[in-house]
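Below: the structure, in structure tokens.
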């Protein structure tokens, strides 16, 4: 497409959308420095940040969120990658059925998946005498992460050249070496983006955790949920501000990394 | 490498954690409190028809507003230099990484009585309430899901072959004609997936209406959440109806998408 400079109206339009997206966050960050505990400005203070770090429940929930996200994305990546390689060997109707069932957690509404897992876990819990908690949340997160891994690995598998694997075998690799050095190496970009998607979805999840967490376990989302049900504590503003800062830093790092990779690629060319 | 066996763990996993739970919803939806077969849960579920319609209305409105806002934005993005495209795309994505609840909470602060918006507009002599109504819920939804509309449309538009556009211009089309005859038809698949990605979650979400809406803005997701802890049968019946509705919607969108692709 021919590139022309955008006109003033277009620029104003983009600026307005960006304002719409950022205004609530900026207001929240501004309020995090308010010394009063309502939304009326009472003067600058950092006290809510201090209180945030002293809040054991919030710090605990943050730890749980990270732990679940790391474990769920790793386990889902292993399960999803092996599954994708297996599914790739199926043909026709069987393959279509497996893939459609695999996609169910993505296309069905979160809330339906949440309540259905809750039914299953409370049923199994009665039989095997366990309570809903960390374990059930982890399993549930793996459930909605695996389909993303499968979806990301599948296209890479389809594009992969079978003869490279055969060549590795001819050149003296055993099956495992060929698998690790050729297959996994080829699939790596897909595996990585599947894992990254899993990680971010797990970090952000509220609905599924809400229904499978049991009485004692909380992740950050459900902790915020229970805080918001009582009167709104200004520590949440401080929490948002810090999370936002973390996101900005991560995004800038990713961007810098990509720019460098692009430059390196350009230099090679 | 040729082995199908590698997929066995996942097939078992799907059986236990995807298929059985859905079957359990189906079974529970046909049970009364004593566990006997009954259609009572569905009778109760139909008592929420109004809520269901309201949810669909809110979701439809949010999807349309997202489309109207996102389409020109996606088009403008494709007209920028590549490096600015990446930057603007990143700027659009960053708020999405914030926690879902915190994003709604931010709107609660912004819209509340004596909040920033109220104060600013009062200054100009405009008085009103901006929270606790359907409009606030729709604004919240648009805020949550706008990037889901922008990204697929932008992706499809930026893949349009520049030669097609040049060919159209060589054959005497002006900008408006190029847009109408080339860019718009080719962007339809992006629009379809954008509509799906916004409509499905906004029809089934909960909390947005609890935090931003009034008492009559309650949505079907809120009903399921409230009812499920005490009455699993009715909760299952409503979930089942919601799920079937969403599947029918997805199938229809798919059909529509395919037809467009052929035409």
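Chains as they are written, first to last, in the numbering used here: chain A, 3 to 271; chain B, 337 to 599. No residue lacks a Cβ here, since even glycine has one placed at the ideal position from N, Cα and C.
Can you name the start and end residues of the alpha helix (DSSP H) that residue i belongs to?
{"i": "residue 143 (chain A)", "result": "136-161"}
{"i": "residue 343 (chain B)", "result": "Per DSSP, residue 343 (chain B) belongs to no alpha helix (DSSP H) and is neither H nor E."}
{"i": "residue 602 (chain B)", "result": "Coverage of chain B is limited to positions 337 through 599, which leaves residue 602 (chain B) absent and any answer about it impossible."}
{"i": "residue 483 (chain B)", "result": "470-494"}
{"i": "residue 203 (chain A)", "result": "187-206"}
{"i": "residue 386 (chain B)", "result": "385-414"}
{"i": "residue 366 (chain B)", "result": "Taken as a continuous stretch (DSSP letters only), residue 366 (chain B) belongs to no alpha helix (DSSP H), as it is neither H nor E."}
{"i": "residue 454 (chain B)", "result": "452-459"}
{"i": "residue 214 (chain A)", "result": "209-214"}
{"i": "residue 418 (chain B)", "result": "418-429"}
{"i": "residue 530 (chain B)", "result": "520-540"}
{"i": "residue 223 (chain A)", "result": "222-231"}
{"i": "residue 509 (chain B)", "result": "Careful: residue 509 (chain B) lies outside any alpha helix (DSSP H) and carries neither H nor E."}
{"i": "residue 445 (chain B)", "result": "436-447"}
{"i": "residue 167 (chain A)", "result": "164-172"}
{"i": "residue 548 (chain B)", "result": "544-548"}
{"i": "residue 433 (chain B)", "result": "Residue 433 (chain B) -> no alpha helix (DSSP H), and no H or E assigned at all."}
{"i": "residue 178 (chain A)", "result": "177-180"}
In chain A, which residues lie with their C-beta within 9 Å of the C-beta of residue i?
{"i": "residue 339 (chain B)", "result": "87, 88 and 91"}
{"i": "residue 424 (chain B)", "result": "16 and 20"}
Would you list the residues sitting across from residue i in a DSSP beta bridge?
{"i": "residue 32 (chain A)", "result": "Beta-bridge pairing links residue 32 (chain A) to no other residue."}
{"i": "residue 46 (chain A)", "result": "A:36"}
{"i": "residue 380 (chain B)", "result": "DSSP, once it has assigned bridges, lists no residue as partnering residue 380 (chain B)."}
{"i": "residue 373 (chain B)", "result": "B:367"}
Interface residues of chain B around residue i at Cβ under 9 Å?
{"i": "residue 198 (chain A)", "result": "Ordered by position in chain B, no residue passes the 9 Å Cβ test against residue 198 (chain A), which lies about 12 Å from the chain."}
{"i": "residue 100 (chain A)", "result": "343, 346, 347 and 350"}
Listing by chain order, which chain B residues have their CB less than 8 Å from the CB of residue i?
{"i": "residue 75 (chain A)", "result": "Correct list: empty, because the minimum Cβ distance to chain B is about 15 Å."}
{"i": "residue 175 (chain A)", "result": "Chain B residues near residue 175 (chain A): none, gap ~12 Å exceeds 8 Å."}
Who are the neighbours of residue i on chain B, taking C-beta pairs under 7 Å?
{"i": "residue 81 (chain A)", "result": "345, 346 and 349"}
{"i": "residue 206 (chain A)", "result": "435 and 436"}
{"i": "residue 246 (chain A)", "result": "434"}
{"i": "residue 186 (chain A)", "result": "Within 7 Å Cβ-Cβ: nothing; residue 186 (chain A) doesn't reach chain B, min ~11 Å."}
Since residue i meets chain A, which of its residues come closer than 7 Å, beta carbon to beta carbon?
{"i": "residue 564 (chain B)", "result": "117"}
{"i": "residue 357 (chain B)", "result": "118, 119, 121 and 122"}
{"i": "residue 364 (chain B)", "result": "121"}
{"i": "residue 577 (chain B)", "result": "The premise fails here: residue 577 (chain B) is roughly 10 Å from chain A at the closest Cβ pair, so nothing lies under 7 Å."}
Taking residue i as the query, report the chain A residues whose CB atoms sit under 8 Å from its CB, ordered along the chain.
{"i": "residue 409 (chain B)", "result": "15, 16 and 19"}
{"i": "residue 542 (chain B)", "result": "113 and 209"}
{"i": "residue 442 (chain B)", "result": "26, 27, 29, 30 and 242"}
{"i": "residue 294 (chain B)", "result": "Because chain B in this structure spans residues 337 to 599, residue 294 (chain B) falls outside the shown range and cannot be described."}
If contact means a Cβ-Cβ distance below 8 Å, which residues of the region 427-440 of chain B contact chain A?
427, 428, 429, 430, 431, 433, 434, 435, 436, 437, 438 and 439
What residues in the region 107-133 of chain A have a beta carbon less than 8 Å from any beta carbon of chain B?
107, 109, 110, 111, 112, 113, 114, 115, 117, 118, 119, 120, 121, 122 and 125
Closer than 8 Å, Cβ to any Cβ of chain B: which residues of the region 25-45 of chain A, in chain order?
25, 26, 27, 29, 30, 33, 41 and 42
Write down every uninterrupted run of the alpha helix (DSSP H) in the region 239-265 of chain A whose length is 4 residues or greater and which is fully enclosed by it, in chain order.
none
For the region 385-400 of chain B, list every residue whose C-beta sits within 8 Å of some C-beta in chain A, in sequence order.
none
Where are the beta strand (DSSP E) runs, 3 residues long or more, that stay fully inside the region 76-134 of chain A, in chain order?
none
What are the residues in the region 521-552 of chain B lying within 8 Å of chain A by C-beta distance?
536, 537, 539, 540, 541, 542, 543 and 547
By the 7 Å beta-carbon criterion, what residues does the region 253-264 of chain A contribute toward chain B?
253 and 257
At a CB distance below 7 Å, what residues from the region 220-243 of chain A approach chain B? Give them in sequence order.
222, 223, 226, 227, 230, 238 and 242
Chain A contacts from the region 463-479 of chain B (Cβ-Cβ distance under 8 Å)
479
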